[in-house]
Ligand code: SF4
Ligand code: SF4
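Residue numbers (the numbering used here), protein chains in the order written: chain A, 2 to 725; chain B, 567 to 930; chain C, 87 to 417.
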C-alpha cells in the first residue's frame with residue numbers, strides 16, 4: 002500500500018489518536034491468523050466515530066488495540082499515537098508497564114458489551130469505583146461525588162446502586178454503571194465496544210441518547226463500535242466500515258449512509274431490516290466473511306462482490322477518495338455508487354408480499370391454535386429441602402387471548418421479560434399455562450395430554466403439529482451428537498417405516514434444499530463445526546421434518562449476523578409457503594417483526610409485562626400505532642436516516658427501567674413509563690379494544706382508544722424521567 | 567445435481583457449486599422425480615455392519631486414538647494393565663504361598679525366589695500381593711459401578727423430573743451426604759459381616775454415591791433448560807430415551823471421571839477396614855497384609871518394614887494409575903477434542919473471532 | 087431468611103433419619119445387637135430371660151415391646167441424650183464419649199483448616215505461574231499426594247518420625263505422666279501429640295490445590311478480570327479480591343464434603359495413633375462387640391458432622407453475597 006488512509010484525510014483536523022498500520026496476529030493450528038490487517042485511522046478530537054462491522058470483522062480487535070489491550074496470544078504491531086489535549090504525544094507501544102496502566106482509564110477508557118459479567122460478583126459496586134480511584138491515586142471522596150453525578154445523569158439512583166451487589170442489578174443498569182465507571186477518571190476518549198448489544202430496544206435507544214448527552218457534557222471523543230448500523234446512524238459523526246479485518250470505507254456518517262461507495266457497505270445497508278426501506282430492496286449478502294487465516298488475495302471482498310473483476314482478484318484496492326472526507330477501498334467505487342442496485346442478483350419472485358389472510362374474529366374459520374385467557378404464573382423452582390431461592394410468584398403471562406389460523410403469521414414483539422417467550426411456548430404446548438386454555442383445532446391441548454374428557458385429537462398428533470425453533474442455535478443442538486443423529490431423531494420417532502438409508506437420503510435432500518452443501522460432508526459434523534447460520538438451518542430442518550402445522554420461532558435470527566438475518570427470514574418464509582405451516586415469531590426488534598409480518602401478510606402483537614397491549618396488521622402497527630408503548634418501540638427502532646437525531650427530551654418514556662415483573666404496577670401496567678399516562682391509568686385497567694380508525698385490523702389496550710373515557714378528564718401524571 | 571441423489575459420494579463439482587449457489591441459491595426447486603425432500607427414500611438398505619461400524623467408530627476407535635496421544639492415559643492405562651495382569655495371568659501362574667514356605671523376613675530384592683521378601687510366617691509377599699489383586703479389583707469394580715449407577719440415577723431423575731420426585735430423592739441424598747462414610751460402613755460391616763468381594767464393594771459404596779448424585783443433579787438442572795432438551799421434548803422423544811441420548815452424553819465425562827475416582831475411594835476404604843480388622847478376612851488382600859504386619863509389630867521392627875511397605879505401594883500404585891486415567895478421560899469425551907480426530911473438517915480452536923459458542927460442561 | 091430455616095430443618099431431618107437408621111440397624115437387620123443378646127449372651131446367663139433386660143439396659147430397646155412402641159421409646163431416650171450403657175466400660179455411653187469429643191474436634195478442625203489453607207495457597211501459586219516449571223512440579227506433587235491414602239501417610243510418618251527417629255511421640259493424646267490442665271507443659275505435649283494426625287490429613291490439600299488451580303484459571307478468563315486489569319487495579323487487589331475470592335467460593339462444596347470424610351477418617355487415624363477420640367472408641371467398641379458404644383459413637387460422629395456442615399453452610403452467606411438469591415447447591 003503506497004498511500005495510507007491518513008494521507009488522504011484532512012490533516013488540519015485536531016487528531017486525538019493516530020493509528021497507522023496496526024496489525025494484530027496470532028498463531029493458530031491452521032496457520033497465522035491476522036485479526037487486524039494493517040489498518041490506519043485518525044480519530045478526531047471531540048467526534049463520535051462509528052465503527053461498523055459484522056462479527057469476525059476484527060472490530061473488537063480494533064477496540065482493544067486503541068487501549069493496547071489485545072489479549073494474549075495476539076500480538077499488536079504498528080504505530081499508535083495518542084495526542085493528549087495538553088502535553089506530548091504518547092507512543093502507545095513504547096509505554097512502560099506503569100505508564101500504560103495510567104494511560105488506560107485516565108486517558109482512554111473502554112466500555113465492553115459483556116456488562117452482565119463485568120463486575121466482580123462478590124464486591125459491591127462502590128468498591129469497584131473506589132478501587133479504580135485508588136489505583137490511580139485520585140481523591141476518593143471527590144471521585145465518588147463525580148461517580149454519583151455520572152450515575153444520576155444516567156438515570157440511576159446513585160446511592161442505591163453503589164450499595165448493591167452486581168447480581169442485584171439488571172443488565173441495563175450494569176451497562177450504565179459500566180459507562181459511569183469508565184468515565185470516573187475523566188478520560189478524554191471513550192472506546193465503546195458494542196455497549197448495547199445485549200440490551201432491549203428501548204434501553205438501547207435510551208442509552209444511545211444518553212451517550213450523546215454525556216459526550217457533549219464531558220467533551221469526550223467516542224469510538225463507538227457496533228454491528229448494528231441503524232444504531233449509530235443518528236449518533237456518529239463519521240462512520241468507518243470494517244470488513245475482513247480492514248477498513249473498507251470511511252467518511253462522514255451522512256455520506257456513507259446516503260451514498261455508500263463500497264459494494265459491501267451498500268450490501269450491508271440493503272440487508273439491514275428497518276421500518277422504512279421497501280421490502281423489495283432488501284437483499285441478503287451472499288457468501289460469508291473470510292477466515293482470518295485465509296484472507297482472499299486482492300480485494301478481500303471479491304468472492305462475494307458482484308462487480309469483481311480480475312483487477313479486484315489481484316490488486317488490493319488502495320483508498321480512493323470519493324469526496325473530501327470520504328474514502329473507499331474499492332477499484333470500482335464510482336460504478337458502485339452509480340449502480341442503482343448493485344447487489345441484487347435474485348429476482349423479485351422471492352419476495353411475495355402476501356395480503357393478510359383472515360380477520361381475527363368470530364367469523365373466521367376454526368383457528369389452528371387458540372389461546373383463551375392464558376395465564377402463566379411462575380413459582381421460583383425449588384429442589385429438595387436445600388434450595389436457597391425464596392419462592393416468588395411472577396406473572397409471566399396474564400390473561401392473553403389470541404387465535405392463530407392456518408397459514409397465519411403472528412409476530413410477538415416486546416422487551417425481555419415481557420412474557421413473549423412464555424406465551425409462545427404456551428401456544429405450542431411446550432409450557433402448561435397456570436390458567437386459561439390452549440386448544441389445537443378445538444381440542445384442549447392439556448386435556449389431551451392428561452386424557453381428560455373426550456379427546457378428539459390425540460396428544461401425540463398435537464405434539465407433532467406444534468414445533469419450536471429456539472433463539473440460540475448453539476444450545477438448540479446437542480453438542481454431543483452429529484448432524485446426522487440430530488436430524489434422524491424426529492424421523493425415527495415419526496417415520497418408523499424408514500430405514501437408515503432412507504433417513505439419510507431424506508436428510509441429505511433437506512440439507513441440500515436449504516442450501517447446506519455438500520450435505521454428505523455436513524451430516525458427519527458436530528454442531529460446533531457449523532456456523533451460526535448453518536446451525537439455525539439445521540434446527541429449522543429438524544422441526545420441518547416433523548411436518549408441523551405451527552412453528553414457534555423464538556428470536557430465531559437475533560443470534561445471527563446482520564447480513565444473514567434477511568436470508569434466514571426469507572428461508573423461513575419460503576418454507577412456510579412450501580409446507581403450509583403457520584408461524585409464531587418472537588422478536589424484540591420491530592424492524593425484523595415488520596419484515597416478517599409484511600412479507601407473510603401477518604399480524605404483529607406487542608406485549609408488555611405479560612399482556613398484549615396492541616395487535617394488528619403490519620401497516621397499522623408500524624404506521625399508525627395507537628398504544629403509547631408501541632409508539633415508544635417505534636421511536637426506539639433506529640432507522641438509517643442520519644438526520645434522525647435522538648434526544649432524551651423527546652423520549653416517549655418516562656423511565657428507562659422496566660418495573661419488577663413480580664410486582665407489576667396497578668391499573669394500566671404501562672403507566673409508570675407512559676408519557677401520556679393520567680391519574681386514572683393508575684387505578685383502572687384498559688381492555689384490548691378495537692381501535693376504530695382506518696382500515697385494517699388493530700386493537701389496543703389503552704384508554705386513549707376510547708372516545709369518551711374518564712381518561713380524557715383525568716389529571717396527567719407528571720414526573721420527569723427518573724429511576725423508580 | 568439433484569436434491570435426492572442416490573449415492574452418497576460427493577460429486578467432483580460439489581465443492582464448486584457450493585460457492586456459486588450455496589448460500590444464496592437456497593431454494594433449489596429442481597427436486598428431481600420426487601416432489602419435496604420429505605418423500606425421499608433410499609434405494610440401498612442399511613446393513614447391520616453400517617450401524618456397527620458407526621458404533622465402533624464412536625465408542626472405541628476414537629477414544630483410543632485420543633487417549634493414545636495423552637501421556638497421562640498411557641501411563642495410567644499401563645499401570646492399571648499391570649494390576650489386571652496380576653489379577654488374572656499371574657494369579658494362575660504364581661503359586662499361592664503358605665506359612666513356612668520360606669525363611670522369615672527375607673528382604674525385598676534379595677533373592678529371585680522371594681522378589682518382595684517374606685513375612686514373619688515365611689510367606690512370599692509377592693505371591694500374597696498377586697493373589698490379593700483379584701479380590702481387590704473385583705471389590706473396586708463392583709463398588710465403583712454401584713456408586714456411579716446409584717449416583718447417576720438419583721441425580722438424573724431428581725434433576726430432570728423436578729417437583730415432588732426431586733424433593734424426595736434429594737432429601738434422601740442429603741441425609742446420606744451428611745452421614746460420614748467410614749463410620750457408617752464400619753457399623754454396617756459389623757452387622758453384615760460381608761465376605762465376598764462384590765458385597766464388600768457394594769457395602770462400601772453405600773457411603774459414596776450421594777455426593778455424586780448431588781453433583782449430577784445440579785448439572786442436570788442446567789442441562790434441562792437447554793434448548794436442545796426442549797426440542798427433544800417437542801419431538802415427543804420418550805423420557806428414558808431423552809435422558810439417555812440427550813442428557814447423559816453431557817454427563818459422561820463427569821461420570822467416567824467419577825467412576826475412576828469412586829474406584830479409588832472404594833480401595834482406600836476397603837483397605838482401611840481390613841487394616842482395622844473390621845471386615846472379616848476371607849482371602850488375602852492388601853489390607854489384611856497391613857493388618858497382619860501391624861499386629862506383628864512391623865511398625866517398630868526395621869527388618870519387617872517391607873511387610874508394610876509392599877501393600878502400601880500396591881495401593882498407591884493403582885491409585886496413581888486411576889487418577890491419571892481420570893484426568894485424561896476428561897479429554898476423551900470432550901466433543902471438541904473428538905472432532906479434531908474425526909476426518910470431517912477442522913475444529914475451531916476458539917479464535918477470538920468466532921461468535922460465541924456455548925461452552926457448557928467447561929467446569930467439569 | 088427462609089432458606090436458613092429450611093437448612094435447619096434439613097439438619098434436624100438428618101438427625102432424625104440417622105437415629106431411625108440406627109434403630110433399624112440395632113433392631114431389624116440380620117445379626118442385629120438385640121438378637122445378639124438373646125441368642126449369644128442369653129444362653130450363657132443363669133436366667134436366659136434376663137437377656138431381654140440386658141438388651142433394654144444396654145440398648146434402650148425392649149425386645150418384647152411391639153416395634154412402634156420400641157421405636158418411640160428409642161427415639162425419645164436417644165433425643166434425651168441417653169445412648170445406652172457401654173458394655174466394656176459399664177458406664178453410660180454418653181459419659182464415655184463426652185471425654186472423647188473435644189479431642190476429635192481439636193485434631194480434625196486443625197486438619198481441615200490447615201490442609202485447606204495450604205491447598206488453596208498452592209493452587210493459587212500454580213495458577214499464577216500456569217504452565218511454568220513451578221506449576222508442573224506442584225501439579226505432580228499434588229497428584230501424587232492425592233493418590234496416597236491418608237492412613238498410608240500416617241503409617242509412614244509413624245514408622246520414621248516416631249519409631250525410627252523419635253521426633254514425635256508414638257501415640258496418645260498427651261504424655262501420660264502429665265497432669266491435664268491449662269499449663270504450658272501440658273499444652274505443648276498436646277500439640278506435640280496432635281502434629282502427626284493433623285499432618286496425615288494433609289493429603290486432602292492435594293485435591294484442594296488442584297481444584298483451586300482450575301478455579302483460578304477459570305476466573306482469570308472472566309470479563310470482570312479484564313475490566314479490573316484495564317482499570318489498572320493493583321496486582322494484590324486483583325489476586326486477592328478478584329481471583330482469590332471468586333476461585334475459593336466454588337470450593338466450599340468440596341470443603342463440606344471433606345468435613346464428612348475427614349471425620350470418618352478420624353476412626354482410622356485415631357486407631358493408628360492410639361488417640362483416644364470418638365473414632366478410637368468406635369473401633370474399640372467394634373472389636374469388642376460393645377454394640378451400645380458402637381451405635382452411640384456412630385451417632386455422635388454423625389451429629390458432629392451434621393452440625394459442622396450446618397455451620398459451614400450458614401456462614402457461606404457471609405462470603406458470597408449471592409447466597410440466598412440463587413439456587414446454589416448446598417450440602
Ligand atoms: S475492489 Fe472489486 S471486488 Fe473489491 S469491492 Fe470493489 S468492485 Fe468489489
Ligand atoms: S392507559 Fe394510560 S398509562 Fe396505559 S398506555 Fe394508555 S395512556 Fe398510557
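Glycine included, every Cβ here is placed at the ideal spot set by N, Cα and C. Nothing here was measured: the structure is a model prediction, and the numbers come from that model.
What is the C-beta distance between residue 371 of chain C and residue 380 of chain C, in whole angstroms, given that I count them as a contact (C-beta under 8 Å)?
-> 4 Å
What are the residues that DSSP puts in a beta bridge with residue 583 of chain A?
-> Bridge partners of residue 583 of chain A: A:551.
Using the beta-carbon of each residue, which ones in chain A are nearer than 8 Å to residue 779 of chain B?
-> Simply none; closest approach about 11 Å.
Look at the alpha carbon of residue 48 of chain A and the alpha carbon of residue 414 of chain A, and state the distance between them as a whole number of angstroms.
-> 34 Å
Across which residues does DSSP place residue 650 of chain B in a beta bridge pair?
-> According to DSSP, residue 650 of chain B bridges with nothing at all.
Work out the CA separation of residue 231 of chain C and residue 835 of chain B for me, nearest whole Å.
-> 17 Å
Using a C-beta cutoff of 8 Å, does residue 73 of chain A count as contacting chain B?
-> no
Would you kindly check if the distance between the Cβ of residue 579 of chain A and the Cβ of residue 557 of chain A is under 8 Å?
-> no
Could you tell me whether any Cβ in chain A is nearer than 8 Å to the Cβ of residue 815 of chain B?
-> yes
What is the rounded straight-line gap between the Cα of residue 324 of chain A and the Cα of residue 257 of chain A?
-> 10 Å
Mind checking who residue 375 of chain A pairs with in its DSSP beta bridge?
-> A:401
Boundaries (first-last residue) of the alpha helix (DSSP H) holding residue 670 of chain A = Run containing residue 670 of chain A: none; DSSP gives neither H nor E here.
Alpha carbon to alpha carbon, how far is residue 72 of chain A from residue 118 of chain A?
-> Roughly 17 Å between the two C-alpha positions.
By Cβ distance below 6 Å, which residues in the same chain neighbour residue 417 of chain A in space, the five residues on each side in sequence not counted?
-> 201
Residues near residue 256 of chain C in its chain [Cβ-Cβ closer than 6 Å; skip 5 each side] = 248
Separation of residue 787 of chain B from residue 153 of chain C, as counted between CA atoms = The straight-line gap from Cα to Cα measures roughly 40 Å.
Please report the residue range of the beta strand (DSSP E) in which residue 237 of chain C lies.
-> Per DSSP, residue 237 of chain C belongs to no beta strand (DSSP E); it is in the alpha helix (DSSP H), 236-243.
Give the secondary structure of residue 636 of chain B by DSSP, where H, G and I count as helix, E and B as strand, and everything else as coil.
-> coil
With hydrogens ignored, establish whether the beta-carbon of residue 630 of chain A is closer than 7 Å to any heavy atom of ligand 3.
-> In the structure shown, ligand 3 is absent; the only ligands present are ligand 1 and ligand 2.
Pair within 8 Å by beta-carbon distance, residue 856 of chain B and residue 755 of chain B | no
Three-state class that DSSP yields for residue 22 of chain A in the structure shown = strand
Can residue 309 of chain A be considered in contact with ligand 1, in the sense that its beta carbon sits closer than 7 Å to one or more heavy atoms?
-> yes
Strand pairing of residue 223 of chain A, partner residues [DSSP] | A:49 and A:191
Extent of the continuous alpha helix (DSSP H) run through residue 513 of chain A = 501-514
Indicate, with yes or no, if ligand 2 has a heavy atom lying under 7 Å from the CB of residue 710 of chain A.
-> no
Cβ of residue 222 of chain A within 8 Å of any chain C Cβ = no
Find out if the Cβ-Cβ distance for the pair residue 130 of chain A, residue 191 of chain A is shorter than 8 Å.
-> no
Okay, do the region 132-140 of chain A and the region 81-101 of chain A touch, 3+ Cβ pairs below 8 Å being the bar?
-> Taking 8 Å as the limit for Cβ pairs, the verdict is that the region 81-101 of chain A does not touch the region 132-140 of chain A.
Beta-carbon gap between residue 54 of chain A and residue 228 of chain A smaller than 8 Å = yes
So, is the C-beta of residue 184 of chain A closer than 8 Å to a C-beta in chain C?
-> no
Can you tell me which of B:761, B:829, B:696 and B:746 puts its alpha carbon nearest to the alpha carbon of residue 892 of chain B?
-> Of B:761, B:829, B:696 and B:746, the smallest CA-CA separation from residue 892 of chain B is found for B:829.
List the residues of chain C whose Cβ lies closer than 7 Å to the Cβ of residue 809 of chain B, in chain order.
-> Those within 7 Å of residue 809 of chain B in chain C number zero; the least Cβ separation is about 20 Å.
Within the present structure, is the beta-carbon of residue 653 of chain A separated from the nearest heavy atom of ligand 2 by less than 7 Å?
-> Set against 7 Å, the gap from the CB of residue 653 of chain A to the closest heavy atom of ligand 2 is not smaller.
So, helix, strand or coil for residue 261 of chain A, using DSSP?
-> coil
With distances taken from each beta carbon to the nearest heavy atom of ligand 2, which residues come in below 5 Å, in chain order?
-> Output, sorted by chain position: A:629, A:669, A:671, A:672, A:675, A:677, A:678, A:682, A:687, A:703 and A:704.
Any heavy atom of ligand 1 within a distance shorter than 7 Å of the CB on residue 264 of chain A?
-> yes
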